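K.L.:
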Amino acid sequence: MANMKQQIKRYKNDNKKRAKNASYKSALKTAIKNVLAAVENGNKDEAVKAYSVAASKLDASVTKGIHHRNYASRQKSRLAKLVNSI
7 MANMKQQIKR YKNDNKKRAK NASYKSALKT AIKNVLAAVE NGNKDEAVKA YSVAASKLDA
67 SVTKGIHHRN YASRQKSRLA KLVNSI
């Protein structure tokens, strides 16, 4: 454990940020899984709606600094390709 005041503060803040980032990442993974499930079922309308939600969450994660913009762009491209293949 840290023994200086600033180190203790950083430790606390890092734990809070880690928990928050984990929550965002989990929600994003769920949104992506929803797109994949809709594509697998062949439901175009549901897939388009799920893609919209997933793309929005990806953009938000980039804005919040959780993911790199290239990661988000790559994921959106892959998901769009799948949705358009239906």
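Residue numbers (our numbering): 7 to 92.
All C-beta atoms, glycine included, are put in the ideal place defined by N, C-alpha and C.
As the structure is a prediction and not an experimental result, all values here were calculated from the model.
Excluding sequence positions up to five away, which residues of its chain have a Cβ less than 6 Å from the Cβ of Ala44?
P.N.:
Around Ala44: Glu52, Ala53, Ala56.
K.L.:
For the stretch 11–20 against the stretch 58–68, are there 3 or more C-beta pairs whose distance is under 8 Å?
P.N.:
Because the criterion of three Cβ pairs below 8 Å is not met, the stretch 11–20 and the stretch 58–68 do not touch.
K.L.:
Once DSSP output is grouped into helix, strand and coil, what is the label at Lys39?
P.N.:
Here Lys39 sits in helix by DSSP.
K.L.:
Tell me the DSSP secondary structure of Asn19 in three-state form.
P.N.:
Helix at Asn19.
K.L.:
Below 8 Å on the Cβ atoms is my guess for Lys2 versus Ala25; work out the distance and round it to an integer in Å.
P.N.:
Nothing about residue 2 can be reported from this structure: the residues present for the chain run from 7 to 92 only.
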